[in-house]
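Student: Heads up: the sequence shown begins at 193 in my numbering, then just goes up one per residue.
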Amino acid sequence: MIENEWIRMPDGRRLAARIWLPASGGAAPAIFEYLPYRKRDGTAGRDETTHRVFADAGYACVRVDIAGTGDSEGQFDDEYSEQELSDGEAVLTWIAAQEWCDGNIGMIGISWGGFNGLQLAYRRPPALKAVISMASTVDRYADDIHFMGGCLLSDNLNGATQLFAWLTRPADPRLRADWREDWIARLENVPFSAVDWMRHPTRDEFWKHGSVCEDWSRIEAPVLAITGWADPYVNAPPALAANLQVPCKAMIGPWEHSYSHLSRLDPADFHSEALRWFDRWLKGKQNGAEDLPAYRVYIQEHFNPSKKYGPRVGRWVAEQSWPSPHVNDRVLFLGSDGLKDNATLGTIAVSSPAHIGQTGGYYCPGMRIDNELAEDQAADDALSTCFDTAPLTEPMELLGRPKLKFAFSVDRPVAQIVARLCDVSPEGVSQRVTFRPLNLTHFASHESPQALVPGQVYEAEIELNECAHRLRAGHVLRLALSTSYWPLVWPAPGNAVVTLHLENSTLHLPIRTVTEEIPPLDPGPPREYPKLQAQQMRPASSTSKPHTLEDGTVVLDTFDDFGQKINPHHGMAVGSDVRMRYAIHPDNPASAIFESQWNFTYQRDQWQVTIKTEHSMSCDPQHFYLHRKVRAIEGLDEIEVFAREWSETIPRGLL
Numbered sequence: 193m194i195e196n197e198w199i200r201m202p203d204g205r206r207l208a209a210r211i212w213l214p215a216s217g218g219a220a221p222a223i224f225e226y227l228p229y230r231k232r233d234g235t236a237g238r239d240e241t242t243h244r245v246f247a248d249a250g251y252a253c254v255r256v257d258i259a260g261t262g263d264s265e266g267q268f269d270d271e272y273s274e275q276e277l278s279d280g281e282a283v284l285t286w287i288a289a290q291e292w293c294d295g296n297i298g299m300i301g302i303s304w305g306g307f308n309g310l311q312l313a314y315r316r317p318p319a320l321k322a323v324i325s326m327a328s329t330v331d332r333y334a335d336d337i338h339f340m341g342g343c344l345l346s347d348n349l350n351g352a353t354q355l356f357a358w359l360t361r362p363a364d365p366r367l368r369a370d371w372r373e374d375w376i377a378r379l380e381n382v383p384f385s386a387v388d389w390m391r392h393p394t395r396d397e398f399w400k401h402g403s404v405c406e407d408w409s410r411i412e413a414p415v416l417a418i419t420g421w422a423d424p425y426v427n428a429p430p431a432l433a434a435n436l437q438v439p440c441k442a443m444i445g446p447w448e449h450s451y452s453h454l455s456r457l458d459p460a461d462f463h464s465e466a467l468r469w470f471d472r473w474l475k476g477k478q479n480g481a482e483d484l485p486a487y488r489v490y491i492q493e494h495f496n497p498s499k500k501y502g503p504r505v506g507r508w509v510a511e512q513s514w515p516s517p518h519v520n521d522r523v524l525f526l527g528s529d530g531l532k533d534n535a536t537l538g539t540i541a542v543s544s545p546a547h548i549g550q551t552g553g554y555y556c557p558g559m560r561i562d563n564e565l566a567e568d569q570a571a572d573d574a575l576s577t578c579f580d581t582a583p584l585t586e587p588m589e590l591l592g593r594p595k596l597k598f599a600f601s602v603d604r605p606v607a608q609i610v611a612r613l614c615d616v617s618p619e620g621v622s623q624r625v626t627f628r629p630l631n632l633t634h635f636a637s638h639e640s641p642q643a644l645v646p647g648q649v650y651e652a653e654i655e656l657n658e659c660a661h662r663l664r665a666g667h668v669l670r671l672a673l674s675t676s677y678w679p680l681v682w683p684a685p686g687n688a689v690v691t692l693h694l695e696n697s698t699l700h701l702p703i704r705t706v707t708e709e710i711p712p713l714d715p716g717p718p719r720e721y722p723k724l725q726a727q728q729m730r731p732a733s734s735t736s737k738p739h740t741l742e743d744g745t746v747v748l749d750t751f752d753d754f755g756q757k758i759n760p761h762h763g764m765a766v767g768s769d770v771r772m773r774y775a776i777h778p779d780n781p782a783s784a785i786f787e788s789q790w791n792f793t794y795q796r797d798q799w800q801v802t803i804k805t806e807h808s809m810s811c812d813p814q815h816f817y818l819h820r821k822v823r824a825i826e827g828l829d830e831i832e833v834f835a836r837e838w839s840e841t842i843p844r845g846l847l
């Protein structure tokens, strides 16, 4: 292993790389992972479980810090920026030219690395021959942490707070003699990402950049797309399988936002899947990777959901082609007495307290220690307008994206509606199967929304997120509708009443019916893999405390201590923790507030730094108010070397 290698960019900046070479020597295909999450400490433990395995299998593995992050030179500007992607192309060219590389390169990554793997494939660099993309998106506006259905997600700020904390940390003094000067420059120039992203509330050119769905034909490298049902990025794998014109295979298991071998939800053998894919497209082995089913999927069943991690219930199935001839549309009609086979007349009003959504869990489970998952939805269902089927007389299997088509009118110019499908057991436990919000001002377009005219009737459609679920006989399928879903979705500025016009309101279900299953070719349990033998100085822990204040404000306080460990390769001790608070009054959507504080400590011998960051966001009916703060502290005597605060006000517009 080469602990650090410098890769020089055309303009002279150097990016920092960690490299694992196969023991066999000679030229080999390479696997490239490209992230801002710091190879030296942030992903070091995870990297040990992947790249060392791939090197043992005959691959040269290269893990690179994006410019201005970790130990790399330059300044970070934004996620998936032109600088990031053009630098990525330069890294691919550099790798292909090394004597230890045979010119064939694959990209691998989860989340950020899954995104830029697809985005670099879209640019067609000649050396990039295959991609494994986990927990990624094909549409940056529709399916990322920023917006969903034209609604602002609270994770837009949550994700920005985490990025801010990561970007304000210094390079390692052992690798960068200029670490302190560079650190101050990072602190002075760190982007206010939440604000930058909120300045683009519609699907404009900012979001189209890096969205590979803009032209599926541009991707020429074969793609293996993987995620899990506890992850938010469930729409990309089947979309890639359905639209790419090159070999593409999709797989969705029960996992959270994690490489599947590291999942806390039924972990699986990620390594064999990855090596089969790369062996086929980088080494030319005729191993049948191109003949895998187009879509392998874990179909879940009811398991009494909890916010804590635990085992899942379900089975693996496979569809040889996608879209599948085994999935057909079944239409149910919304009626005053539930979901029916025939249309009914009349209207139903939907209006919810602002705090509904307390059982929804984190947007992106896998980023914290625990207490992240969606719980029993019964409490939120009780505050929603629900449409139930009769108890099923036989099982029902869903695979795909359900659609809600509806006619509506509103009493305000800005409103939102959130649709959830739930599997309700005979005991009344409601398990969320899928959900999706819609900013109703986007009823016709995410590019050109329009204020609503109170009383006017409109038609809209919500294509809910991908799901795979089997409801047992005796269970009830529930469609729950609400005008808020806090804290996942930032609420509309006021309490709206959305009136549904039932004769034009239907639920379209992707019903899977198979008389004879093909072999699912599921990944199986994880193989043995190496682990970083870090010395633990402080264990990890997690708390989640919902409570209500005297004035009725509903609060969720969470604390995640990621512990402190010493890396055996370079002796640095790293510790971190994060506190978050979500608060809202049920009668006032404009009372919503989110606050977070991240703390990081780095220490080796007499060198020590501490970084403390804070973010907050609040609103009124006309504006969003964002504030952030950073304090940088150096030395064992804890001298403050940098402190700054920023405040921004953003007009709400139609959010």
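Heads up, the beta-carbon is just placed ideally off N, CA and C, and yes, glycines get one too.
1) Tell me residue 772's beta-bridge partners as DSSP assigns them.
2) Let's see if you can read the secondary structure: which residues bound the alpha helix (DSSP H) around residue 286?
3) For residue 506 and residue 657, I'd like the C-alpha separation in whole angstroms.
4) Measure the alpha-carbon distance for residue 562 versus residue 373 and round it to whole angstroms.
5) Check whether the Cβ atoms of residue 527 and residue 536 lie closer than 8 Å to each other.
6) Quick check: the stretch 338-349 against the stretch 664-682, are at least 3 beta-carbon pairs closer than 8 Å?
7) Among the residues of its own chain, which have a CB less than 7 Å from the CB of residue 699, if the five just before and after it don't count?
8) At what residues does the alpha helix (DSSP H) containing residue 532 begin and finish?
9) With residue 357 as the anchor, note down where its alpha helix (DSSP H) starts and where it stops.
10) Does the structure place the stretch 547-560 close enough to the stretch 629-640 that three or more beta carbon pairs sit under 8 Å?
11) Output yes or no for whether 8 Å exceeds the beta carbon distance between residue 516 and residue 417.
12) Helix, strand or coil, according to DSSP, for residue 556 in the structure here?
13) When DSSP labels each residue in this structure, what does residue 498 get in the three-state scheme?
14) Would you say the stretch 568-587 touches the stretch 456-471, given that touching needs at least three Cβ pairs under 8 Å?
15) For residue 364, which residues in the same chain have their Cβ closer than 8 Å to its Cβ, ignoring the five residues on either side in sequence?
16) Could you tell me how far apart the beta carbons of residue 821 and residue 802 are, in whole angstroms, since I believe they sit closer than 8 Å?
17) Just the Cα atoms here: how many angstroms apart are residue 757 and residue 786?
18) DSSP state of residue 425, grouped into three classes?
19) What span of residues does the beta strand (DSSP E) with residue 834 cover, start to end?
20) Ends of the alpha helix (DSSP H) at residue 243?
21) What residues in its chain sit with their C-beta under 6 Å from that of residue 198, if we drop five residues either side in the sequence?
22) What residues in its chain sit with their C-beta under 6 Å from that of residue 508, if we drop five residues either side in the sequence?
23) Apart from the five residues on each side of it in sequence, which residues of its chain come closer than 8 Å, Cβ to Cβ, to residue 216?
24) Helix or strand or just coil, what does DSSP make of residue 181?
25) Which residue marks the beginning of the beta strand (DSSP E) containing residue 376, and which one marks its end?
26) Does residue 838 pass the burial test, meaning 16 or more other C-beta atoms within 10 Å, or should it be called exposed?
27) On the CB-based measure, 16 or more other CB atoms within 10 Å of its CB, does residue 560 come out buried or exposed?
28) Based on Cα-Cα distance, which residue from 212, 383, 302, 731 lies nearest to residue 836?
29) Quick check: the Cα distance between residue 649 and residue 780, rounded to an integer number of angstroms?
30) Check whether the Cβ atoms of residue 454 and residue 241 sit closer than 8 Å, and answer yes or no.
31) Does the stretch 475-494 come into contact with the stretch 265-278, if we say contact requires no fewer than three beta-carbon pairs (one atom in each stretch) closer than 8 Å?
32) Have a look at residue 235 and residue 201 and give me their C-alpha separation to the nearest angstrom.
33) Quick one: using the 10 Å Cβ neighbour count with 16 as the cut-off for buried, is residue 211 buried or exposed?
34) From 444, 475, 539, 474, pick the residue whose C-alpha is nearest to that of residue 460; which is it?
35) If you measure between the beta carbons of residue 300 and residue 397, is that distance less than 8 Å?
36) Are residue 587 and residue 522 close, meaning C-beta to C-beta below 8 Å?
Tutor: From the atom records:
1) Residue pairing from DSSP places residue 772 in a beta bridge opposite 750, 788.
2) 274-289
3) 19 Å
4) Using only the alpha carbons, I get a separation of about 37 Å.
5) yes
6) yes
7) 524, 526, 531, 594, 596, 671
8) Counting along the chain, residue 532 sits inside no alpha helix (DSSP H); it lies in the beta strand (DSSP E) bounded by residues 530-532.
9) Going by DSSP, residue 357 is part of the alpha helix (DSSP H) stretching over 347-359.
10) Under the Cβ criterion (8 Å, minimum of three pairs), the stretch 629-640 does not count as touching the stretch 547-560.
11) The Cβ-Cβ distance between residue 516 and residue 417 does not fall below 8 Å.
12) coil
13) coil
14) no
15) 232, 263, 371, 762, 764
16) That pair is no contact at about 14 Å.
17) 29 Å
18) coil
19) Taken as a continuous stretch (DSSP letters only), the beta strand (DSSP E) holding residue 834 covers 831-843.
20) 236-248
21) 206
22) 490, 712, 714
23) 250
24) Any answer about residue 181 is impossible in this case: the structure gives the chain only from 193 up to 847.
25) Here residue 376 belongs to no beta strand (DSSP E); instead the alpha helix (DSSP H) covers 371-381.
26) exposed
27) buried
28) Restricting attention to 212, 383, 302, 731, the CA atom closest to the CA of residue 836 is found in 383.
29) 26 Å
30) Yes; because the gap between Cβ atoms is below 8 Å, this pair is in contact.
31) no
32) 23 Å
33) buried
34) 444
35) no
36) Cβ atoms of residue 587 and residue 522: not closer than 8 Å.
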